[in-house]
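Asker: Counting in this note's numbering, the sequence shown runs from 1372 upward without gaps.
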Amino acid sequence: MNHDQNPFVQAEMLNLLDNLSPELATRHPLQFLIHLDHIRQKAMQHGLLALRDLSCALESALHPAMHNGGGRTIARTYLEAMRATLDCAEINPAMTEALMANVALRLGGQP
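1) Return the chain-ordered list of same chain residues with a C-beta closer than 6 Å to the C-beta of A1432, the five sequence neighbours on each side being excluded.
2) Do three or more CB pairs link the region 1435-1444 to the region 1405-1420 at distances below 8 Å?
3) Within 10 angstroms of its Cβ, does A1428 collect 16 or more other Cβ (buried), or is it exposed?
4) Going by beta-carbon coordinates alone, are L1391 and I1410 separated by less than 8 Å?
5) Just checking my contact of L1450 with P1393 at CB under 8 Å: how many whole Å lie between their CB atoms?
6) From what residue to what residue does the alpha helix (DSSP H) around G1442 run?
7) Given a cut-off of 8 Å on the beta-carbon distance, is the pair E1430 and L1401 in contact?
Here is the structure:
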């Protein structure tokens, strides 16, 4: 079964993403990371590898931003990309890489 196409899984994951505010990344970073880890675990349970990979990338990108600022922008950009993975019928590793490169470019970095 392709979990990406299961409407119940999509609804559950979208609900989790919608309840994760980018502002939380700057106001309560530990709470944000706990919620992000929950999303990552659920993504793994449902076989949503692109969503899992983006949540890992978001966590890695947030650590330096928590000290230097910009955490909210990074969180917002990654969360948008994470939602986009749920709109795809099926996503392969090359598409995941393209999404991460897009996020990097939107944040002003290099892919």
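Where is the CB? At the ideal position from N, CA and C, for every residue including glycine.
Model, not experiment: these values are computed from the prediction.
Answerer: Judging by the given coordinates:
1) I1445.
2) At 8 Å Cβ cutoff, the stretches do not touch.
3) The residue is buried, with at least 16 neighbouring Cβ atoms inside 10 Å.
4) Yes, the Cβ-Cβ distance between L1391 and I1410 is below 8 Å.
5) Contact flag correct, Cβ pair sits at about 6 Å.
6) Here the alpha helix (DSSP H) through G1442 covers 1442-1458.
7) With respect to L1401, E1430 sits apart: the two C-beta atoms are not nearer than 8 Å.
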